[in-house]
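Offset between the sequence shown (1-based) and my numbering: plus 1027.
No residue lacks a Cβ here, since even glycine has one placed at the ideal position from N, Cα and C.
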Amino acid sequence: VISSANSLRPVQKAHDLLLAGADPLDAVVEGVKIQELDPTDMSVGYGGLPNADGVVQLDASCMHGPMKRAGAVGALEGIKTAAEVAKLVLKYTTHIMLVGEGAKRFALSYGFKEEDLLTDASRQAWLEWRATLSPRDNWIDVPARTPMVVHPPTGTINCNAVTPTGDIASVTTTAGLAWKIPGRVGDSPIIGAGQYCDNEVGASGSTGLGELNIMVCGAFLTVDG
């Protein structure tokens, strides 16, 4: 199991599940859920940094090497574990990507609970960012106490796994670019950009500024190369 640096616990969880005989996709999704449910990780899931309107919108995608199938969600609101919803798109539909309100309704139909994804910390960070937008607006300026106000983070989790028998799966999940224009979708839910998996070759995924990776189809290019 290999992952981005902000998900050491997911790597251990996925590894343990693989050794117990779990499917690689189930293993990586269960792994990244640890961070998606962690309110202190502002890059994914619950507690993720919101868009310009103060709303958390999540993106995620996954691929299953043996089945050669993929699933993704974009601009998903009110659901903590976007990666799990992406896996359900893969398993139970003929589609690849669901977005926005449709993605949320899909998740709710599978028993997910709609919740406010903002924590006190992520809300405070957004309030500080909004207050520093312009000295001529109606918001009282506050000291920019956190670097994220000036330099919005782009944190994401990509996690890939291979079983002892050689089957591969991958998943990428993110809260996206902090303070983004509402509706913005980065590379994470785009198959071939945010992650890609070929059971005969390997898997790859990315973190960082999604627009740049979309332009080069980075994950596919890495695996294809």
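Straight-line Cα distance separating D1086 from I1106: 11 Å
Span of the alpha helix (DSSP H) around Y1119: A1109 to Y1119
Selected residue, minimal CA-CA separation from Y1223, among A1148, A1205, V1212 and I1195: I1195
Rounded separation between S1197 and A1230 - CA only: 6 Å
Inter-residue CB distance, P1209 and N1078 (contact presumed, cutoff 8 Å): 5 Å
Buried versus exposed, by CB contacts within 10 Å (16 or more), V1243: exposed
Assigned secondary structure, M1124 (DSSP; H/G/I helix, E/B strand, else coil): strand
Residue of D1050, S1070 and A1205 minimising C-alpha distance to G1081: A1205
For N1078, the three-state DSSP class (helix, strand or coil): coil
Three-state secondary structure (DSSP) of T1201: strand
Residue environment, A1110, which counts as buried when at least 16 other CB atoms sit within 10 Å: buried
Separation of V1059 from G1203, as counted between CA atoms: 15 Å
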